[in-house]
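Residue numbers (the UniProt record's numbering): 1 to 443.
Idealized CB from N, CA, C, for every residue including glycine.
Computed from a predicted structure; not experimentally measured.
This report concerns only the one structure given below.
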């Protein structure tokens, strides 16, 4: 009965998306108004990040039964969004009835497919791990068509899509799948894995791949402190995210403020983690200054209760810091673009391993017979790679096939706490819909 009532409310108040290229000088402003529901903020942010749009500012309000968001977005070249197809896709997707069907929660941007077998991996990170996994898959006549690999706090997680070498289709033979699982689990366990290594076969398309990686690593408790010797090197504390949590005086909210280096998909990673930890964002502001991002959220648990214990507060802080760090572009970025072939990934990762490179994160994709792979690498100690080593590897693979660029951005001076508190200002002193004027001036 409640679902039917919710459908009626949505039909009476259909979602509205306004895309404005005139009111802001350096960004496209996207405003989304709709009936509120749990998880809607994540779904909207997911649509934008799946289009590789960069969110430079955001204003979030979902108190009561209505949801209203304003985003300032640019493309990866720093320009406004002028592509008519992209603009229409955003509007049609966010205004469609299907977007609000509960069964599609968490699946925006990745629809079901019968063309591949989806494998999820979890284990202890170590140099050469990805190479060993790829070698096993190649020996078992599995072709990797898409994959994403993350490492954090000595843990590794991956979502890999494979097909049969001969048929080019998904692998569905139970005996063969059992063999794949057994061999991969043996590799993931390593010599002294104190945590359980896992390999599962998941139905494709049920959960957005990057959200699934967050869920896997959260469940694997990668946010817990590890011995510094396991991390390979001592982290630079000045570059780590800074998260604070305190109680809101005016309202019964928990306030979370975050300060970190800015990067693409940062907002998605934060909102994804809060949503999967069963917290609701009622109000929030995101703002970037140069290379640094400031975020402020007013949240409660889904049961309506704010954070009420020191243990919960500490866990939320650790989980948000981990969510930011998982996708941080550690090391040198190597991009490979070439004709796809069976065993290509196995050969490439073997060359990396033989040259003592450690893969910290990787994105693997194939389309139209072409392979586009991006690797973030360090040496085995977690330090920057010697340029001579990269030159040698490019010589083996092909200079026109493998391109390298150093990811380096100077760490800005840590801002004072008062610079964060201005984000909301006197929000709770003005509580009628005239607040929309603030949004326009903010953008």
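Query                                                                                                                                                             : Result
Do residue 255 and residue 41 have their C-beta atoms within less than 8 Å of each other?                                                                         : no
Got a sec? Which residues, its chain only, sit under 8 Å from residue 277 by beta carbon, not counting five neighbours each side?                                 : 218, 316, 319
Could you give the distance in angstroms between the alpha-carbon of residue 66 and the alpha-carbon of residue 284?                                              : 15 Å
Can you give the Cα-Cα distance for residue 338 and residue 31, rounded to whole angstroms?                                                                       : 40 Å
Quickly, what does DSSP pair residue 60 with across the bridge? List them, please.                                                                                : 69, 284
Would you give the residue range spanned by the beta strand (DSSP E) that residue 142 belongs to?                                                                 : 142 to 152
Where residue 391 and residue 344 are concerned, what is the direct C-alpha to C-alpha distance, given to the nearest angstrom?                                   : 20 Å
I think residue 143 touches residue 222, with their Cβ atoms under 8 Å apart; what is that distance to the nearest whole Å?                                       : Not really, about 29 Å apart at Cβ, beyond 8 Å.
Could you give the distance in angstroms between the alpha-carbon of residue 165 and the alpha-carbon of residue 294?                                             : 47 Å
Near residue 85, which residues of its chain fall below 6 Å by C-beta distance, leaving aside the five closest residues on each side in sequence?                 : none
Buried or exposed, going by whether 16 or more other CB atoms sit within 10 Å of the CB of residue 93?                                                            : buried
Starting from residue 332 and walking both ways along the beta strand (DSSP E), at which residues does that stretch end?                                          : 332 to 339
Can you name, in chain order, every residue of its own chain whose Cβ lies under 6 Å from the Cβ of residue 90, other than the five neighbours on each side?      : none
Residue 72 to residue 245, Cα distance in whole Å?                                                                                                                : 26 Å
Am I right that residue 323 and residue 269 are in contact with their C-beta atoms under 8 Å? What's the rounded C-beta distance?                                 : 5 Å
Alpha carbon to alpha carbon, how far is residue 354 from residue 120?                                                                                            : 26 Å
Note down, in chain order, each residue of its chain lying with its Cβ closer than 6 Å to the Cβ of residue 309, except the 5 sequence neighbours on either side. : none
Can you give the beta carbon distance from residue 247 to residue 306, rounded, assuming they're within the 8 Å contact cut?                                      : 7 Å
Using alpha carbons as the reference points, say which of 61, 18, 81, 389 lies closest to residue 25.                                                             : 81
What is the DSSP secondary structure of residue 171, counted as helix, strand or coil?                                                                            : coil
Tell me whether residue 250 sits in a helix, a strand or coil according to DSSP, three-state version.                                                             : coil
Taking buried to mean at least 16 other C-beta atoms within 10 Å of its own C-beta, is residue 131 buried or exposed?                                             : buried
Based on Cα-Cα distance, which residue from 393, 401, 381, 404 lies nearest to residue 126?                                                                       : 381
DSSP state of residue 214, grouped into three classes?                                                                                                            : helix
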